[in-house]
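Here the protein sequences line up with chains A and B, keeping their order.
For the first sequence, counting from 1, position 259 maps to 259 in the working numbering; every step adds exactly one.
For the second sequence, counting from 1, position 4 maps to 421 in the working numbering; every step adds exactly one.
Ideal Cβ placement from N, Cα and C applies to all residues, glycine included.
2 protein chains.
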Amino acid sequence: MTQLTRQDCERLDQDDALAAVRQEFDLPENTIYLNGNSLGAMPKKALDQARQTVINEWGQDLIKSWNLHDWFSLPQRLGDQLAPLIGADAGEVVVTDSTGINLFKVLSAALMSQQQAHPQRKKIVMEGSNFPTDNYTAQGLIKLLGDQHEIVFAEGEEIVEVIDDSVAVVCLTQVHYKTGRILDMQAITEKTHACGALSIWDLCHSAGAMPVELNACRVDFAVGCTYKYLNGGPGSPAFIFTAKRHQGKALQPLTGWWGHAAPFAFERDYTPADNISQMLSGTQPIVSLAMTAVGLDISVRADMQLVRQKSQQLGDLFIRLLAERCGDCQFRVVSPLDAAQRGSQVAIAHEHGYAIMQAMIARGVIGDFRAPDILRVGFSALYVSYTDVYDAVDILRDIMDNDIWQQPEYNRRHAVT
Amino acid sequence: MTQLTRQDCERLDQDDALAAVRQEFDLPENTIYLNGNSLGAMPKKALDQARQTVINEWGQDLIKSWNLHDWFSLPQRLGDQLAPLIGADAGEVVVTDSTGINLFKVLSAALMSQQQAHPQRKKIVMEGSNFPTDNYTAQGLIKLLGDQHEIVFAEGEEIVEVIDDSVAVVCLTQVHYKTGRILDMQAITEKTHACGALSIWDLCHSAGAMPVELNACRVDFAVGCTYKYLNGGPGSPAFIFTAKRHQGKALQPLTGWWGHAAPFAFERDYTPADNISQMLSGTQPIVSLAMTAVGLDISVRADMQLVRQKSQQLGDLFIRLLAERCGDCQFRVVSPLDAAQRGSQVAIAHEHGYAIMQAMIARGVIGDFRAPDILRVGFSALYVSYTDVYDAVDILRDIMDNDIWQQPEYNRRHAVT
Numbered sequence: 001m002t003q004l005t006r007q008d009c010e011r012l013d014q015d016d017a018l019a020a021v022r023q024e025f026d027l028p029e030n031t032i033y034l035n036g037n038s039l040g041a042m043p044k045k046a047l048d049q050a051r052q053t054v055i056n057e058w059g060q061d062l063i064k065s066w067n068l069h070d071w072f073s074l075p076q077r078l079g080d081q082l083a084p085l086i087g088a089d090a091g092e093v094v095v096t097d098s099t100g101i102n103l104f105k106v107l108s109a110a111l112m113s114q115q116q117a118h119p120q121r122k123k124i125v126m127e128g129s130n131f132p133t134d135n136y137t138a139q140g141l142i143k144l145l146g147d148q149h150e151i152v153f154a155e156g157e158e159i160v161e162v163i164d165d166s167v168a169v170v171c172l173t174q175v176h177y178k179t180g181r182i183l184d185m186q187a188i189t190e191k192t193h194a195c196g197a198l199s200i201w202d203l204c205h206s207a208g209a210m211p212v213e214l215n216a217c218r219v220d221f222a223v224g225c226t227y228k229y230l231n232g233g234p235g236s237p238a239f240i241f242t243a244k245r246h247q248g249k250a251l252q253p254l255t256g257w258w259g260h261a262a263p264f265a266f267e268r269d270y271t272p273a274d275n276i277s278q279m280l281s282g283t284q285p286i287v288s289l290a291m292t293a294v295g296l297d298i299s300v301r302a303d304m305q306l307v308r309q310k311s312q313q314l315g316d317l318f319i320r321l322l323a324e325r326c327g328d329c330q331f332r333v334v335s336p337l338d339a340a341q342r343g344s345q346v347a348i349a350h351e352h353g354y355a356i357m358q359a360m361i362a363r364g365v366i367g368d369f370r371a372p373d374i375l376r377v378g379f380s381a382l383y384v385s386y387t388d389v390y391d392a393v394d395i396l397r398d399i400m401d402n403d404i405w406q407q408p409e410y411n412r413r414h415a416v417t
Numbered sequence: 418m419t420q421l422t423r424q425d426c427e428r429l430d431q432d433d434a435l436a437a438v439r440q441e442f443d444l445p446e447n448t449i450y451l452n453g454n455s456l457g458a459m460p461k462k463a464l465d466q467a468r469q470t471v472i473n474e475w476g477q478d479l480i481k482s483w484n485l486h487d488w489f490s491l492p493q494r495l496g497d498q499l500a501p502l503i504g505a506d507a508g509e510v511v512v513t514d515s516t517g518i519n520l521f522k523v524l525s526a527a528l529m530s531q532q533q534a535h536p537q538r539k540k541i542v543m544e545g546s547n548f549p550t551d552n553y554t555a556q557g558l559i560k561l562l563g564d565q566h567e568i569v570f571a572e573g574e575e576i577v578e579v580i581d582d583s584v585a586v587v588c589l590t591q592v593h594y595k596t597g598r599i600l601d602m603q604a605i606t607e608k609t610h611a612c613g614a615l616s617i618w619d620l621c622h623s624a625g626a627m628p629v630e631l632n633a634c635r636v637d638f639a640v641g642c643t644y645k646y647l648n649g650g651p652g653s654p655a656f657i658f659t660a661k662r663h664q665g666k667a668l669q670p671l672t673g674w675w676g677h678a679a680p681f682a683f684e685r686d687y688t689p690a691d692n693i694s695q696m697l698s699g700t701q702p703i704v705s706l707a708m709t710a711v712g713l714d715i716s717v718r719a720d721m722q723l724v725r726q727k728s729q730q731l732g733d734l735f736i737r738l739l740a741e742r743c744g745d746c747q748f749r750v751v752s753p754l755d756a757a758q759r760g761s762q763v764a765i766a767h768e769h770g771y772a773i774m775q776a777m778i779a780r781g782v783i784g785d786f787r788a789p790d791i792l793r794v795g796f797s798a799l800y801v802s803y804t805d806v807y808d809a810v811d812i813l814r815d816i817m818d819n820d821i822w823q824q825p826e827y828n829r830r831h832a833v834t
């Protein structure tokens with residue numbers, strides 16, 4: 001097999017059905033942005049949306065905007081916009097709060113439901129190596145509930161084995177934040193239900209990166225963020241999915257006025273809305289919330305099958321170029337080599353991973369580092385090109401050839417990595 | 418006593434030490450905005466801040482902004498900026514999440530502390546007529562904890578009477594959202610502590626409107642919003658105060674990675690930060706969060722004693738003009754007549770309150786209506802002038818004279834009022 005050339009990659013870009021989507025984003029010059037798995041790029045229309053919300057709505061219409069611009073229903077309207085991307089129906093998703101807060105809501109709702117159905121069940125199955133905020137959330141809830149529950153930690157393929165009829169809830173992230181490994185949502189959810197447990201999926205690394213089929217898999221609850229592959233802006237509000245069959249029954253405990261059956265009746269006592277609105281709590285940050293519409297709009301117009309296909313090809317291309325051009329550099333691919341089992345990112349390990357990533361960032365190739373030795377590069381198919389991948393590996397080769405990563409400035413640790 | 422004239426009000430404006438602050442806000446033309454108690458006006462620099470965060474930070478520096486622009490410490494930096502406005506010290510306040518979510522955190526923290534100190538105490542004192550989301554939050558938490566706790570509802574002056582040594586927590590809003598009545602923070606907190614209970618204050622209608630002395634009153638916890646008198650923008654993130662003596666001890670249960678002692682160690686298990694950061698949960702909406710700095714900056718530069726004094730005078734002026742010019746119209750002042758007992762708003766009742774307020778809004782005088790019959794007008798001293806108040810009453814007189822409020826279009830109810 002002959003080695004791939006830059007011309008080969010240019011040809012792939014010419015044939016790329018998604019190539020035009022890149023024009024909807026404003027990417028900085030001299031930058032190859034391979035970190036959309038952490039913070040998505042800025043759509044060109046983002047500032048227009050901010051200007052609209054700040055100047056025309058807040059500034060001009062002030063309090064009247066709650067009616068005139070229907071700020072109050074933004075969580076539901078954005079949820080309906082997002083729903084098809086994750087295999088949900090209208091009325092099953094709201095955009096609100098943060099992923100962790102939302103996980104607290106659905107985990108509480110699931111545990112309280114199980115308290116009725118199977119009061120003796122106290123186990124929650126989670127993955128120990130998951131992005132830790134999910135585990136922290138469960139630990140905080142368990143402590144609040146008086147330490148009656150227990151987390152059963154399992155990893156990867158072990159997970160399906162530990163699900164049995166002593167389990168109340170199975171709470172997993174579909175795509176692993178570090179390795180990009182995909183869990184089998186369908187098989188795990190089937191086993192979960194066969195054992196009488198409820199399923200919660202965290203879609204932070206899958207929503208917008210690949211087709212997700214929540215209802216086809218009969219998932220009970222899901223959460224996820226909008227600032228990675230959905231390009232909603234830094235820390236943009238997260239989402240909650242609750243399957244129709246649980247609405248009005250499985251209730252969440254962060255009971256603010258936005259989740260009340262009649263929020264503007266200002267009644268003293270809480271009456272839950274009998275629909276997805278019950279998953280809301282308090283007043284939302286309208287500027288950040290409204291901006292998520294811009295990124296969502298781009299994703300909704302893209303064909304998620306094509307997005308998935310291209311991201312797999314970008315990942316395969318990176319892995320192949322790494323082998324061809326940096327085969328002597330002691331990199332080890334940590335992500336699954338089979339694209340079908342891999343999300344939209346590739347993790348590689350190297351003893352000097354931190355310094356190498358700093359050197360890459362200094363050269364304009366933006367990925368990130370996760371301790372102890374992992375370099376992550378994400379391939380957001382909406383704006384990353386095949387030549388981006390070629391050029392990134394080219395720069396990596398140069399860094400390794402010239403020992404640039406040994407320079408002291410690349411070995412100083414930042415507070416945030 | 419002769420009736421006040423517009424010239425009198427013009428003279429008051431000329432002598433107003435805060436008059437220049439109005440220039441820092443962009444107010445719509447032909448509008449008298451008397452609803453800063455619900456949504457503060459837009460500072461002129463708001464869009465600049467949005468542009469900076471969206472274009473220069475998100476767009477250009479992308480993921481590097483977490484370090485370069487220190488997004489991660491925004492909740493603490495904004496909290497330190499806000500602290501002097503509420504009588505708190507640096508390191509005691511963070512800006513994050515919504516008021517309701519934050520109330521859930523501190524109420525949980527307080528109840529869990531009391532579970533150690535006084536395990537038999539299960540009562541929470543609240544005000545039944547409070548803005549209901551506070552009550553809903555307590556009700557949601559109580560249900561989650563298995564209905565072991567009980568809310569003792571009291572009103573106004575009764576409150577101090579129901580605090581005894583069976584009470585775990587006293588959770589009140591300092592300024593009543595509807596009537597503007599101020600509760601005596603010092604006396605109630607003293608009684609609370611004398612009885613061995615913990616105090617939580619909601620400052621939604623006081624922060625930025627008057628000097629608040631949390632530490633001088635030995636308050637334990639507080640929450641509040643930044644989008645009313647602090648002009649942070651629609652739904653801008655709220656704040657939490659935790660007195661130094663409780664930090665590292667009274668822990669909140671929405672345990673996300675931002676509250677971890679070492680967030681970037683990505684450890685599997687939660688270890689709480691031993692400072693105010695433990696009150697954080699997950700990733701924040703950075704655009705909305707960063708924008709709060711603009712409004713805070715204006716308030717921090719203003720003298721809160723002057724702000725308070727002017728807002729009292731504006732309220733007194735409104736009440737006097739209403740008596741002088743609309744004395745025959747059956748309005749009833751619901752707020753305390755004594756300015757010392759009244760926050761920065763005046764509530765008046767009228768049988769046809771809804772239609773009258775709609776007619777006022779149609780004429781550019783923006784206040785709001787609260788069922789069953791209350792018209793609220795807020796006097797944000799940073800940008801409301803004495804002539805604004807004169808002109809507002811002038812328009813109200815005209816509406817009443819011409820029965821404009823009887824027209825059918827003012828009697829149609831909006832979903833959001």
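Checklist entry - Which of helix, strand or coil does DSSP assign to B:L668? => result In the second sequence, the residue the question calls residue 668 of chain B occupies position 251. Looking at B:L668 - three-state DSSP - the assignment turns out to be coil, as it is neither helix nor strand.
Checklist entry - With respect to the beta strand (DSSP E) encompassing A:R376, which residues constitute its N-terminal and C-terminal limits? => result Reading the first sequence from its first residue, position 376 is the one you call residue 376 of chain A. Start and end: 374 to 378.
Checklist entry - Using DSSP with H/G/I as helix, E/B as strand and the rest coil, what is A:F331? => result By 1-based counting over the first sequence, the position of residue 331 of chain A is 331. If DSSP states are grouped into helix, strand and coil, A:F331 belongs with coil.
Checklist entry - Which residues bound the alpha helix (DSSP H) around B:S728? => result In the second sequence, the residue the question calls residue 728 of chain B occupies position 311. Taken as a continuous stretch (DSSP letters only), the alpha helix (DSSP H) holding B:S728 covers 721 to 743.
Item to check | Collapsed DSSP secondary structure at B:R759 in the structure displayed | outcome: Counting from one through the second sequence, the residue named residue 759 of chain B turns up at place 342. The answer is strand: DSSP assigns B:R759 an E or B state.
Checklist entry - Are B:Q556 and A:Y270 close, meaning C-beta to C-beta below 9 Å? => result Along the second sequence, read from residue 1 onward, the residue named residue 556 of chain B stands at position 139. Along the first sequence, read from residue 1 onward, the residue named residue 270 of chain A stands at position 270. In contact: B:Q556 and A:Y270 (Cβ atoms closer than 9 Å).
Checklist entry - In chain A, what lies closer than 7 Å to B:Q556 by C-beta? => result For the purposes of this step, residue 556 of chain B is taken as the residue at position 139 of the second sequence. T255, D269, Y270, listed in chain order.
Next on the checklist: Ignoring anything shorter than 4 residues, give me the alpha helix (DSSP H) runs that lie fully in the segment 150 to 206 of chain A, in order along the chain.
Outcome noted: For the segment 150 to 206 of chain A, whole alpha helix (DSSP H) runs of length 4 or above, ordered along the chain, are 159 to 162, 185 to 194.
Checklist entry - Quick check: the segment 286 to 293 of chain A against the segment 46 to 56 of chain A, are there 3 or more CB pairs under 8 Å? => result yes
Checklist entry - Alpha carbon to alpha carbon, what distance is there between B:G795 and A:Y354? => result Mapped onto the first sequence, residue 354 of chain A falls at position 354. Mapped onto the second sequence, residue 795 of chain B falls at position 378. Cα-Cα distance, rounded: 54 Å.
Checklist entry - Would you say A:H260 reaches chain B, if we count a Cβ-Cβ gap shorter than 9 Å as a contact? => result Reading the first sequence from its first residue, position 260 is the one you call residue 260 of chain A. Judged by the 9 Å Cβ criterion, A:H260 is in contact with chain B.
Checklist entry - Taking Cβ to Cβ, would you say B:Y553 is nearer than 9 Å to B:I783? => result By one-based count along the second sequence, residue 553 of chain B stands at place 136. By one-based count along the second sequence, residue 783 of chain B stands at place 366. It is not a contact, given that the beta carbons lie outside the stated cut-off.
Item to check | For A:G224, the residue or residues it bridges with in DSSP | outcome: In the first sequence, residue 224 of chain A corresponds to position 224, counting from 1. According to DSSP, which records beta bridges pairwise, A:G224 is partnered with A:F239.
Checklist entry - How would you call A:P253, buried or exposed, if buried means at least 16 neighbouring beta carbons within 10 angstroms? => result Numbered from its first residue, the first sequence carries residue 253 of chain A at position 253. A residue is called buried once 16 or more other Cβ atoms fall within 10 Å of its Cβ, and A:P253 is buried on that count.
Item to check | CB contact check: A:V416 to chain B, cutoff 9 Å | outcome: Here residue 416 of chain A refers to the residue found at position 416 of the first sequence. In this prediction, A:V416 has a pLDDT of 47, which is less than 50 and means its spatial position is unreliable; what the coordinates show is noted afterwards. Yes, its Cβ sits closer than 9 Å to a Cβ of chain B.
Checklist entry - How long is the line joining the alpha carbons of B:D551 and A:N215, rounded to whole angstroms? => result For the purposes of this step, residue 551 of chain B is taken as residue 134 along the second sequence, with counting starting at 1. For the purposes of this step, residue 215 of chain A is taken as residue 215 along the first sequence, with counting starting at 1. Going from the Cα of B:D551 to the Cα of A:N215 covers about 35 Å.
Checklist entry - Where does A:Y33 fall in DSSP's three states? => result Position 33 of the first sequence, counted from the start, is the residue given in the question as residue 33 of chain A. Strand, per DSSP.
Item to check | Residue from B:D581, B:Y800, B:F786 with nearest C-alpha to A:F266 | outcome: Residue numbering aside, residue 266 of chain A sits at position 266 when the first sequence is read from its first letter. The option with the nearest alpha carbon to A:F266 is B:F786.
Checklist entry - Using the C-alpha atoms, what's the distance from A:K310 back to B:A458? => result Looking up residue 458 of chain B in the second sequence gives position 41. Looking up residue 310 of chain A in the first sequence gives position 310. Cα to Cα, B:A458 sits roughly 46 Å from A:K310.
Checklist entry - Can you name the residues of chain B whose CB is closer than 7 Å to the CB of A:K143? => result As a position in the first sequence, residue 143 of chain A is number 143, starting the count at 1. What A:K143 touches in chain B: P670.
Checklist entry - Just how far apart, CA to CA, sit B:F489 and B:D720? => result Reading the second sequence from its first residue, position 72 is the one you call residue 489 of chain B. Reading the second sequence from its first residue, position 303 is the one you call residue 720 of chain B. The straight-line gap from Cα to Cα measures roughly 30 Å.
Checklist entry - Under 8 Å Cβ-Cβ, which residues of chain B neighbour A:P119? => result In the first sequence, residue 119 of chain A corresponds to position 119, counting from 1. In chain order: nothing, as chain B lies at least about 12 Å away.
Checklist entry - Taking the C-alpha atoms as reference points, what is the distance between A:A168 and B:S482? => result Your numbering for residue 168 of chain A matches position 168 in the first sequence. Your numbering for residue 482 of chain B matches position 65 in the second sequence. Rounded to whole angstroms, A:A168 to B:S482 spans 40 Å at the Cα level.
Checklist entry - Between the beta-carbon of A:G327 and the beta-carbon of A:N30, is there less than 9 Å? => result As a working note, residue 327 of chain A is residue 327 in the first sequence. As a working note, residue 30 of chain A is residue 30 in the first sequence. No, the pair does not count as a contact, with Cβ atoms beyond the cut-off.
Item to check | Cβ-based neighbour list, A:A197, same chain, cut-off 7 Å, excluding 5 preceding and 5 following | outcome: One-based indexing of the first sequence puts residue 197 of chain A at position 197. Spatial neighbours of A:A197 in its own chain (CB-CB distance under 7 Å, excluding positions within 5 residues in sequence) are listed in chain order as I163, V167, A168, V169, V170.
Item to check | Proximity test, Cβ basis, 9 Å: A:I366 and chain B | outcome: Stepping through the first sequence from its first residue, residue 366 of chain A is reached at position 366. At a cut-off of 9 Å, the C-beta of A:I366 has a neighbouring C-beta in chain B.
Checklist entry - Is any beta-carbon of chain B found at less than 9 Å from that of A:K64? => result Residue numbering aside, residue 64 of chain A sits at position 64 when the first sequence is read from its first letter. Yes, because at least one Cβ of chain B sits closer than 9 Å to the Cβ of A:K64.
Checklist entry - By how many angstroms is the C-alpha of A:G87 removed from the C-alpha of A:R245? => result The count along the first sequence starts at 1 and reaches residue 245 of chain A at position 245. The count along the first sequence starts at 1 and reaches residue 87 of chain A at position 87. Between A:R245 and A:G87, the C-alpha separation is close to 15 Å.
Item to check | Nonlocal neighbours in the same chain, by C-beta distance under 6 Å from A:A415, ignoring five residues either side | outcome: Position 415 of the first sequence holds residue 415 of chain A. Note that A:A415 has pLDDT 47, beneath the 50 cutoff, so the model's placement of it is unreliable and no number is given.
Item to check | Top-ranked residue by Cα proximity to B:T590, from B:D637, B:E741, B:H622, B:D733 | outcome: Taking the second sequence and counting its residues from 1, the one referred to as residue 590 of chain B is at position 173. Shortest Cα-Cα distance from B:T590 to any of B:D637, B:E741, B:H622, B:D733 involves B:H622.
Checklist entry - Which value, in whole angstroms, describes the spacing of the CA atoms of A:D274 and A:V219? => result As a working mapping, residue 274 of chain A is identified with position 274 in the first sequence. As a working mapping, residue 219 of chain A is identified with position 219 in the first sequence. Near 19 Å, if we compare the C-alpha coordinates of A:V219 and A:D274.
Checklist entry - Which residue's Cα is closest to the Cα of A:D16: A:L306, A:G315, A:V175? => result Here residue 16 of chain A refers to the residue found at position 16 when the first sequence is read from its first residue. Checked all of A:L306, A:G315, A:V175; the closest Cα to A:D16 is A:L306.
Item to check | Residues sharing a beta bridge with B:D443, DSSP | outcome: Against the second sequence, residue 443 of chain B aligns to sequence position 26. According to DSSP, B:D443 bridges with B:M459.
Item to check | Opposing strand residues paired with A:P272 [DSSP bridges] | outcome: In the first sequence, residue 272 of chain A corresponds to position 272, counting from 1. BP columns for A:P272 point to A:H260.
Checklist entry - Going along chain A, which residues have a C-beta under 7 Å from B:Y553? => result Mapped onto the second sequence, residue 553 of chain B falls at position 136. Those are T255, G256, W257, H260, Y270, listed as they occur along chain A.
Checklist entry - Could you give the C-beta distance for A:S335 and A:G180, rounded to a whole number, given that I count them as a contact under 8 Å? => result Counting from 1 along the first sequence, the entry for residue 335 of chain A is found at position 335. Counting from 1 along the first sequence, the entry for residue 180 of chain A is found at position 180. Right, their Cβ atoms sit about 4 Å apart.
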